[in-house]
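Below is one structure, written out as structure tokens; the observations come after it.
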Amino acid sequence: MVNKEIKRIYLDYAATTPVDPRVFRAMKPYFLNEFGNSASLHTFGQNAKEALENSREIIAKTLKATSNEIIFNSSATESNNLALKGVAFANKNRGNHIIISPIEHNCVINTAKWLKKQGFEIEKLDIDKYGIVNLDSLKKMIKDETILVSVIHANNEIGTIEPIGEIGEICRKRNIYFHTDAAQSFGKIPIDVKKMNIDLLTASSHKMYGPKGAACLFVRKGVKIEPLLHGGGHEFGLRSSTVNVPAIVGFAKAVEICNKEMEKESQKLIKLRDRLIKGVLNKISGSHLNGHPKKRLPNNANFWFEFVEGESIVMHLDSYGIAASTASACSSPKLEPSHVLLAIGFKPQEAHGSLRVSLGRWTKKEDIDYLIETLANVIKNLRKISPFKKNVY
Amino acid sequence: MYTKKVIEHFRNPHNQGKIKNPDGIGKVGNIVCGDVMWLYIKVRKKKNGEDIISNIKFETFGCTAAIATSSVITDLAKGKSIKEALKINKTKIVESLGGLPPVKIHCSVLAADALDEAIYDYLSKNKKNIPEELKKRHQKIMHEKKTIEEKYKDWIEAEEEMHKNN
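Those protein sequences? They're chains A and B, same order as listed. Here the numbering used here = 1-based position in the first sequence + 22. Here the numbering used here = 1-based position in the second sequence + 99.
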């Protein structure tokens, strides 16, 4: 569909990342030679097991956790399901009240909705116009029946970073489990589960230059939790299934690289991100930044443009070789505006014109400049065919 | 998800723009829902006395499918008699685009509505006979418009306020 000769620029790293070649190299032997089942007794199995346990240790150390607190599984969606459902069912004798933020990823929102049908009470925290959770609303919302608080570390759409250290402290004081979905933040900004008083944490491989199909849930020792899958008792009985060793080896390698290069990489990305934000806001009239200007992921920029529809922007950018994304209603399977944008106070017509640009390891200054220039043209052309143009120019 | 035809129309829409002193205008959709289509028609009488859509243009705010259906309906209606143009329905529009994703079918309905409304506008302005079927369609479109406006009253008022300020 797209002209193959044009240069393609990927600016959708928040959706997924390419695998880093160093990660790919680390994984390769576990597909071809050391392919054993990590539960087998023979050398094939034991070599796979050793790789699995080394991977677990790398990730545990990075999070400041211990190895037996890391449960490998297939996706952030699975981790979030395990955290919410597993804690809810294991602790229902203590209470049935669960608190989440209104800007969680759909896999938390929809898991909470399902738990509501099972008799749990779900309450959503207040947030400000940037999406930052109001800590007073958390303190007020906690009651005797509260068993779990789940707040996303950094939002996947608008990139806003939540004060999870403070949230963790409040929850720990009240003896309530705290889960955070760190799918977008792990590997990009520092996390210390001890200092931040985190009881459960979701991390995903394919958002940080590892392969798809690997993720983990950190479960602090002593947290009462039920598994979703029953079977051979893999992963300390919390996730039965033959373990996807090559993907997990890749995940761990990706974590190692991100951790080592985090400071340098985030400095570079923040510079590029701010160049993009400044460029777009200066060059394009009727453009606005969504999310917090400072407390945001180093690689996330999210805009809304007046009188333009987001899906059309993305499709036009694609014809110029640029890959970005939108949360417009027209791009969603149910034609509903993004719950994140509505929660930070957007009107539906404003939510139509959103564009998310997420940068990554291989983004260059030239890419950003090309995007700004192309985007300005795309918006101009879309407004030209829109009946509302008089109101914009 | 989109066919080649849809993408072609989207990237290079046909008959895009405005007609000065049009003989009929059809304005449908709502910015709250994400699609707004305005169709302008110019009508000329042929020697045999038949009314012909001699020119047609569109202005659209919306997604890829909204822009592509706007473009394709102008192709389908241009040069047609009013009678023939009234036969253009969503099925014809979807066929001409080689298909639309199920979730985007409503865009083709919107385009058909815009043409109906433009023709209705022309006929009523010129005090011409309006076919019963078209009257019914017009009433249905007006009813839907009212329902949406009722539902999103606050937002639409805010939007109008924004227009005034710009």
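From the three backbone atoms N, C-alpha and C, an ideal C-beta is built for every residue, glycine too. Quick caveat, the model's predicted, so the values are computed rather than measured.
| Query | Result |
| --- | --- |
| Could you check the C-alpha separation between Lys156/B and Lys203/B for me, to the nearest Å? | 22 Å |
| Taking C-beta to C-beta, are Asp204/A and Ile81/A nearer than 8 Å? | The residue asked about is misnamed: residue 204/A is Ala in this sequence, not Asp. No, they are not a contact pair. |
| Applying the 10 Å Cβ sphere with the 16-neighbour rule, what's the burial state of Ser360/A? | buried |
| With C-beta atoms as the reference, is Glu331/A less than 8 Å away from Cys132/B? | no |
| Between Lys226/B and the ligand FMN, is the CB less than 7 Å from at least one heavy atom? | Looking for the ligand FMN in the displayed structure turns up nothing, as the structure carries no ligands at all. |
| Can you find a C-beta in chain B that's less than 8 Å from the C-beta of Ser262/A? | no |
| In terms of residues, what are the limits of the beta strand (DSSP E) holding Tyr342/A? | No beta strand (DSSP E) contains Tyr342/A, which DSSP labels as neither H nor E. |
| Mark Leu63/A as exposed unless 16 or more other C-beta atoms lie within 10 angstroms of its C-beta, in which case mark it buried. | exposed |
| Where Glu107/B and Gly197/B are concerned, what is the direct C-alpha to C-alpha distance, given to the nearest angstrom? | 11 Å |
| Would you kindly work out how many angstroms separate the C-alpha atoms of Trp136/A and Glu248/A, rounded to a whole number? | 16 Å |
| So, using beta-carbon positions, are His119/A and Lys165/A closer together than 8 Å? | yes |
| For Leu377/A and chain B, any beta-carbon pair shorter than 8 Å? | no |
| Taking only runs of the alpha helix (DSSP H) that begin and end inside the region 71 to 130 of chain A, which ones reach a length of at least 4 residues, in chain order? | 98 to 112 |
| Quick test of the definition: if touching needs 3 or more C-beta pairs under 8 Å, does the region 290 to 298 of chain A touch the region 384 to 401 of chain A? | yes |
| With 16 as the cutoff for other CB atoms within 10 Å, does Glu278/A come out buried or exposed? | buried |
| Helix or strand or just coil, what does DSSP make of Gln238/B? | helix |
| Chain A partners of Gln115/B, CB-CB under 9 Å? | Lys406, Ile407 |
| Per the contact definition of three or more C-beta pairs closer than 8 Å, is the region 241 to 259 of chain A in contact with the region 282 to 289 of chain A? | no |
| State the Cα-Cα distance for the pair Lys244/B and Leu209/B, rounded to the nearest angstrom. | 12 Å |
| Is it true that the CB of Leu104/A sits closer than 8 Å to the CB of Asn90/A? | no |
| Excluding the five sequence neighbours on either side, which residues of its own chain have a C-beta within less than 6 Å of the C-beta of Val105/B, listed in chain order? | Ala167, Leu196 |
| Using DSSP with H/G/I as helix, E/B as strand and the rest coil, what is Asn403/A? | helix |
| Taking the alpha helix (DSSP H) that Leu157/A belongs to, which residues open and close that run? | 157 to 163 |
| Is it a yes or a no for the region 39 to 51 of chain A touching the region 354 to 373 of chain A, going by three-plus beta-carbon pairs under 8 Å? | no |
| Please go through the same chain and pick out, in chain order, the residues whose beta-carbon is closer than 8 Å to the beta-carbon of Val142/B, but skip the five residues on each side of it. | Asp122, Gly123, Asp150, Ile151, Ile152, Ser153, Ile181, Tyr221 |
| By DSSP, does Cys206/B sit in helix, in strand, or in coil? | helix |
| The alpha helix (DSSP H) that contains Glu158/B, what's its start and end? | Taken as a continuous stretch (DSSP letters only), Glu158/B belongs to no alpha helix (DSSP H), being part of the beta strand (DSSP E) at 150 to 160. |
| Quick one: which chain B residues come within Cβ less than 7 Å of His374/A? | Gly133 |
| Let me see if you follow: with CB-CB separation under 8 Å, is Arg143/B close to chain A or not? | no |
| By a C-beta neighbour count over all protein chains shown, 10 Å radius and 16 as the cutoff for buried, is Asn69/A buried or exposed? | buried |
| Note the first and the last residue of the continuous alpha helix (DSSP H) segment covering Val330/A. | It is not in any alpha helix (DSSP H) - Val330/A carries neither H nor E in the DSSP assignment. |
| Can you grab the Cα-Cα spacing for the pair Lys138/A / Leu357/A, in whole Å? | 24 Å |
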